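Student: Here it is: the structure, laid out below.
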Amino acid sequence: MRKAGAMSVLALGAGSLAFGQDASSQAQKIAELQKQVDAMQAQLRALQTETPSVGLEARLDGAVRNSPVEALREPRRLNISAPGLDGLNIDGLVHIRGDYWANFDSGGGNNDVSSFGTEAQLGFDARVSEKTSVRIGLHYSDIWGNDTNHGLGGTSRLTDDSTTSSDGDINAQEVLLRVGDLYGTGVDMTVGRQRIELGAERIIGDDDWRLTRTSFDGFRFDNDLGDAAGRWTLMALRLHDADNSGNRELLPSSPSAPGNNPLNNADLYGFYYTVMPRDIGTIDAYFFHLEDFNYPAGMERTRFSTYGARWASPDWEGLNFEAEGATQFGEIFGQKTHNYGFGTYALHGSAAFEPRDVEYFDSVYAAYDYATGGDSLEENFQQLFPSLHGWFGLTDMFGWSNIQHTTLGASFDLGEGQLNLGYHWSRRATTSAGFGGYNISAASSGGNKSLGEEVDLTYVMQCSKSTTVGMGLGYFFAGNGFHDLTGNADNMMFSYFAFSTRF
Numbered sequence: 000m001r002k003a004g005a006m007s008v009l010a011l012g013a014g015s016l017a018f019g020q021d022a023s024s025q026a027q028k029i030a031e032l033q034k035q036v037d038a039m040q041a042q043l044r045a046l047q048t049e050t051p052s053v054g055l056e057a058r059l060d061g062a063v064r065n066s067p068v069e070a071l072r073e074p075r076r077l078n079i080s081a082p083g084l085d086g087l088n089i090d091g092l093v094h095i096r097g098d099y100w101a102n103f104d105s106g107g108g109n110n111d112v113s114s115f116g117t118e119a120q121l122g123f124d125a126r127v128s129e130k131t132s133v134r135i136g137l138h139y140s141d142i143w144g145n146d147t148n149h150g151l152g153g154t155s156r157l158t159d160d161s162t163t164s165s166d167g168d169i170n171a172q173e174v175l176l177r178v179g180d181l182y183g184t185g186v187d188m189t190v191g192r193q194r195i196e197l198g199a200e201r202i203i204g205d206d207d208w209r210l211t212r213t214s215f216d217g218f219r220f221d222n223d224l225g226d227a228a229g230r231w232t233l234m235a236l237r238l239h240d241a242d243n244s245g246n247r248e249l250l251p252s253s254p255s256a257p258g259n260n261p262l263n264n265a266d267l268y269g270f271y272y273t274v275m276p277r278d279i280g281t282i283d284a285y286f287f288h289l290e291d292f293n294y295p296a297g298m299e300r301t302r303f304s305t306y307g308a309r310w311a312s313p314d315w316e317g318l319n320f321e322a323e324g325a326t327q328f329g330e331i332f333g334q335k336t337h338n339y340g341f342g343t344y345a346l347h348g349s350a351a352f353e354p355r356d357v358e359y360f361d362s363v364y365a366a367y368d369y370a371t372g373g374d375s376l377e378e379n380f381q382q383l384f385p386s387l388h389g390w391f392g393l394t395d396m397f398g399w400s401n402i403q404h405t406t407l408g409a410s411f412d413l414g415e416g417q418l419n420l421g422y423h424w425s426r427r428a429t430t431s432a433g434f435g436g437y438n439i440s441a442a443s444s445g446g447n448k449s450l451g452e453e454v455d456l457t458y459v460m461q462c463s464k465s466t467t468v469g470m471g472l473g474y475f476f477a478g479n480g481f482h483d484l485t486g487n488a489d490n491m492m493f494s495y496f497a498f499s500t501r502f
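The sequence shown begins at 0 in numbering that gives the first Met the number 0 and counts up by one.
In structure tokens, the structure reads:
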């Protein structure tokens with residue numbers, strides 16, 4: 000019995016010893032884990048306060064924009080939760096650009112003029128339910144300096160202020176409601192004030208070079224059926240006529256003039272379809288109908304239709320092609336054309352080649368544009384509401400109407416940016432009509448077809464994930480036809496320096 004008791008005491012002592020050893024081991028493990036947690040917290044604090052130093056490639060969040068249709072990726076967004084909201088995204092843009100013209104002459108004599116413009120956007124995108132969101136985009140634009148016309152003054156598309164004013168305008172550029180998968184149909188609806196960019200923006204775009212941009216009010220329906228079946232967009236929109244400075248036929252007439260019908264808006268109805276079949280690229284087909292009841296005395300309303308198609312090839316071992324054609328028919332100021340557009344049309348074709356693994360050399364490209372013109376309004380192709388800048392040269396003297404235009408260019412990787420060289424040769428399609436662009440227009444007929452030549456040089460650098468710096472120089476050599484219609488035979492130079500930051 001004593002032996003058994005002794006054994007029990009020894010067993011209990013051994014158990015107590017084992018328990019003490021386990022407790023000591025557990026405390027040691029906890030201490031080691033605490034050290035690891037402390038080390039991780041120190042690393043986290045260091046990462047939060049450290050400014051990273053990485054190469055340009057790691058800092059880029061989108062390709063450098065080389066053309067009016069090549070966009071950067073979406074900017075980073077700040078998400079905020081709030082009562083009644085599933086989420087609130089905030090995004091913005093600050094764009095600053097200085098323009099300088101040397102020897103500019105729009106018919107009033109030669110001038111050296113400059114402007115400095117500032118643009119800011121702040122957008123609030125609130126998700127109010129699983130399928131519904133609201134977006135409000137505030138926009139500010141302002142200029143200092145002379146009238147350069149080039150998106151920095153001279154038209155109401157920038158501000159309603161004088162060209163030397165510092166009183167900028169703040170307006171709601173976007174006020175819209177989005178409803179996804181409407182009634183389970185797969186159709187998304189956007190209603191309200193919105194920006195619209197379709198295809199290469201030769202017909203419909205937001206005109207982002209101008210600091211005011213273009214906004215539409217109305218309804219838009221979208222349905223994505225997949226790459227094989229395509230996606231379609233249906234629109235019913237309204238636009239203020241003052242945003243149509245590129246089309247003189249659509250500008251509002253004076254209310255004080257007898258017989259005028261000064262309705263200061265235009266209605267646009269459209270259908271846009273895109274399909275991307277494998278190994279063929281992107282194919283777009285579209286139809287737009289414009290109704291404008293504004294007209295001067297002695298004329299009638301404008302209502303005409305535009306329909307066309309566009310093809311953009313896939314990347315074929317560095318080769319890329321694009322083609323677009325559009326025609327129009329209807330009435331402009333009551334002058335009718337019912338040939339279904341085959342007498343009034345515009346064409347574009349381009350090719351680009353990007354060689355593989357060639358140091359410093361990025362690409363080479365060529366393009367040709369043609370658009371009809373004539374002594375009657377309905378014979379001149381109209382671009383509706385495009386993003387026009389750069390297609391016909393940096394000086395933006397011409398547009399896609401009564402034009403023959405050839406361009407050649409090349410791009411090079413230089414330093415941490417891209418250098419682009421371009422050559423433009425422009426002629427009128429017919430001497431029966433004039434020409435028109437952002438900066439100058441001439442409605443006269445006769446004279447020589449030659450409008451001029453232009454050499455452009457631009458350099459664009461992505462400084463960080465959010466900031467782009469660009470500069471450009473365009474030198475225009477006036478042709479005989481340009482002199483015949485404007486009285487100006489002098490060469491002109493345009494230059495700009497711009498900063499753009501997205502957040």
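Yeah, the Cβ is synthetic: ideal placement off N, Cα and C, and Gly gets one too.
Bear in mind the structure is a predicted one, so any value in this text is a computation, not a measurement.
Indicate the three-state DSSP secondary structure (helix, strand or coil) for PHE502 in the structure shown.
Tutor: Within the sequence shown, residue 502 is the residue found at index 503, counting from 1. Coil.
Student: So who's on the other strand from GLY116, going by DSSP bridges?
Tutor: Numbered from its first residue, the sequence shown carries residue 116 at position 117. DSSP, once it has assigned bridges, lists ARG96, ILE142 as partnering GLY116.
Student: For GLY342, name the three-state secondary structure that DSSP assigns.
Tutor: For the purposes of this step, residue 342 is identified with residue 343 of the sequence shown, where counting begins at 1. Three-state DSSP puts GLY342 in coil, outside helix and strand.
Student: For GLU378, does the three-state DSSP call read helix, strand or coil?
Tutor: Locating residue 378 in the sequence shown gives position 379, where the first residue counts as 1. Correct three-state label for GLU378: helix.
Student: Across the segment 444-460 and the segment 416-432, are there enough close Cβ pairs to call them in contact, namely three or more that are closer than 8 Å?
Tutor: Contact holds: three or more Cβ-Cβ distances are below 8 Å.
Student: For the structure I just gave you, are there three or more beta carbon pairs, one from the segment 470-488 and one from the segment 405-413, closer than 8 Å?
Tutor: With the cut-off at 8 Å, the segment 470-488 and the segment 405-413 do not touch.
Student: Nearest to PHE352 by alpha carbon, out of VAL363, TYR344, GLU358?
Tutor: The residue you call residue 352 lines up with position 353 of the sequence shown. Taking only the C-alpha atoms, the option nearest PHE352 is VAL363.
Student: Exposed or buried, which one is LEU210 when buried takes at least 16 other CB atoms within 10 Å?
Tutor: As a working note, residue 210 is residue 211 in the sequence shown. So LEU210 counts as buried.
Student: Looking at C-beta atoms only, is the number of pairs between the segment 491-502 and the segment 439-447 that lie closer than 8 Å three or more?
Tutor: Flag = no, the segment 491-502 and the segment 439-447 do not touch.
Student: How long is the line joining the alpha carbons of GLU378 and TYR344, rounded to whole angstroms?
Tutor: Taking the sequence shown and counting its residues from 1, the one referred to as residue 378 is at position 379. Taking the sequence shown and counting its residues from 1, the one referred to as residue 344 is at position 345. Approximately 9 Å, taken between the alpha carbons.
Student: Whole angstroms are fine: how far does the CA of HIS138 sit from the CA of SER165?
Tutor: Stepping through the sequence shown from its first residue, residue 165 is reached at position 166. Stepping through the sequence shown from its first residue, residue 138 is reached at position 139. In this prediction, SER165 scores a pLDDT of 40, lower than 50, which makes its location untrustworthy; the coordinate-derived value is nonetheless stated afterwards. C-alpha separation (whole angstroms): 16 Å.
Student: CB-CB under 8 Å to SER161, same chain, minus the five flanking residues each way: which ones, in chain order?
Tutor: Against the sequence shown, residue 161 aligns to sequence position 162. Confidence at SER161 is low in this model, with a pLDDT of 34, below 50, so its placement is unreliable and the value that follows should be read with caution. Excluding residues within five positions, none has a Cβ falling inside 8 Å.
Student: For LEU137, which of helix, strand or coil comes out of DSSP?
Tutor: Start at 1 with the first residue of the sequence shown, and residue 137 comes out as number 138. In this structure, LEU137 counts as strand in the three-state DSSP scheme.
Student: Strictly by DSSP, which residues pair up with TRP315?
Tutor: On the sequence shown, position 316 is the one that residue 315 refers to. In the DSSP output, where bridge partners are listed per residue, TRP315 has LEU318.
Student: Around the C-beta of TRP399, are 16 or more other C-beta atoms found within 10 angstroms, so that it is buried, or is it exposed?
Tutor: Working through the sequence shown from its first residue, we reach residue 399 at position 400. The residue is buried, with at least 16 neighbouring Cβ atoms inside 10 Å.
Student: Given this structure, state the Cα-to-Cα distance separating LEU249 from TYR437, to the nearest angstrom.
Tutor: Indexing the sequence shown from 1 puts residue 249 at position 250. Indexing the sequence shown from 1 puts residue 437 at position 438. In this prediction, LEU249 scores a pLDDT of 44, lower than 50, which makes its location untrustworthy; the coordinate-derived value is nonetheless stated afterwards. Taking the straight line from one Cα to the other gives about 15 Å.
Student: Please report the distance separating the alpha-carbon of PRO313 from that of TRP231.
Tutor: Translated into the one-based positions of the sequence shown, residue 313 becomes position 314. Translated into the one-based positions of the sequence shown, residue 231 becomes position 232. Cα-Cα distance, rounded: 20 Å.
Student: Opposite HIS288 in the DSSP bridges: which residues?
Tutor: On the sequence shown, position 289 is the one that residue 288 refers to. Its beta-bridge partners are TYR268, SER304.
Student: Give every residue of the same chain whose Cβ lies closer than 6 Å to the Cβ of MET470, excluding the five residues on either side of it in the sequence, and list them in chain order.
Tutor: If you number the sequence shown from 1, residue 470 lands on position 471. For MET470, where only same-chain residues beyond five positions count, the Cβ hits under 6 Å are TYR458, PHE496.
Student: In this structure, does DSSP put THR131 in helix, strand or coil?
Tutor: Position 132 of the sequence shown holds residue 131. If DSSP states are grouped into helix, strand and coil, THR131 belongs with the strands.
Student: Buried or exposed: where does SER386 fall if 16 or more other Cβ atoms within 10 Å of its Cβ makes it buried?
Tutor: Stepping through the sequence shown from its first residue, residue 386 is reached at position 387. SER386 comes out buried.
Student: Considering just the uninterrupted stretch of the beta strand (DSSP E) at ASN222, what are its terminal residues?
Tutor: Locating residue 222 in the sequence shown gives position 223, counting from the first residue. Element bounds for ASN222: 215-223.
Student: Which value, in whole angstroms, describes the spacing of the CA atoms of ASN487 and GLY435?
Tutor: Position 488 of the sequence shown, counting from 1, holds the residue named residue 487. Position 436 of the sequence shown, counting from 1, holds the residue named residue 435. Looking at the two C-alpha atoms, the distance is approximately 15 Å.
Student: Between ALA235 and the rest of its own chain, which residues show a CB-CB distance below 7 Å, the 5 nearest in sequence each way excluded?
Tutor: For the purposes of this step, residue 235 is identified with residue 236 of the sequence shown, where counting begins at 1. These residues qualify, in order along the chain: GLY217, PHE218, TYR268.
Student: Can you grab the Cα-Cα spacing for the pair GLY342 / THR326, in whole Å?
Tutor: As a working mapping, residue 342 is identified with position 343 in the sequence shown. As a working mapping, residue 326 is identified with position 327 in the sequence shown. Their Cα atoms are separated by approximately 8 Å.
Student: The beta strand (DSSP E) spanning HIS423 covers which residue range?
Tutor: Working through the sequence shown from its first residue, we reach residue 423 at position 424. Residues 416-426.
Student: Apply the 10 Å Cβ neighbour rule to GLU129 and answer buried if 16 or more other Cβ atoms are within range, or exposed otherwise.
Tutor: Walking along the sequence shown from the start, residue 129 turns up at place 130. Exposed, by the Cβ-count rule.
Student: Taking 6 Å as the limit between beta carbons, can you name the residues of its chain near TYR99, skipping five residues before and five after?
Tutor: Here residue 99 refers to the residue found at position 100 of the sequence shown. Within the same chain, TYR99 has close Cβ partners SER113, SER494.
Student: Strictly by DSSP, which residues pair up with GLY86?
Tutor: Residue 86 sits at position 87 when you count from the first residue of the sequence shown. BP columns for GLY86 point to ARG126.
Student: Tell whether a beta-carbon distance below 8 Å holds between MET492 and ILE439.
Tutor: By one-based count along the sequence shown, residue 492 stands at place 493. By one-based count along the sequence shown, residue 439 stands at place 440. No. Outside cutoff.
Student: Using the three-state DSSP reduction, which class does ASN438 fall into: helix, strand or coil?
Tutor: Locating residue 438 in the sequence shown gives position 439, counting from the first residue. Note: ASN438 maps to coil in three-state DSSP.
Student: Does the Cβ of ARG501 have 16 or more other Cβ atoms within 10 Å, making it buried, or fewer, making it exposed?
Tutor: Within the sequence shown, numbered from 1, the residue matching residue 501 stands at position 502. By the 10 Å Cβ count, ARG501 comes out buried.
Student: How is HIS404 classed by DSSP in three states: helix, strand or coil?
Tutor: Walking along the sequence shown from the start, residue 404 turns up at place 405. Correct three-state label for HIS404: strand.
Student: With DSSP run on the structure shown, which of helix, strand or coil describes TYR495?
Tutor: Position 496 of the sequence shown, counting from 1, holds the residue named residue 495. Strand, per DSSP.
Student: Among GLU330, ASN319, GLY408, which residue has its Cα nearest to the Cα of TRP503?
Tutor: There is no way to answer for residue 503, as the model of the chain reaches only from 0 to 502.
Student: Can you list, in chain order, the residues of its chain whose CB lies under 7 Å from that of VAL133, leaving out five sequence neighbours each side?
Tutor: Here residue 133 is taken as the residue at index 134 of the sequence shown, counted from 1. Cβ neighbours of VAL133 beyond the five flanking positions: ALA125, VAL127, LEU176.
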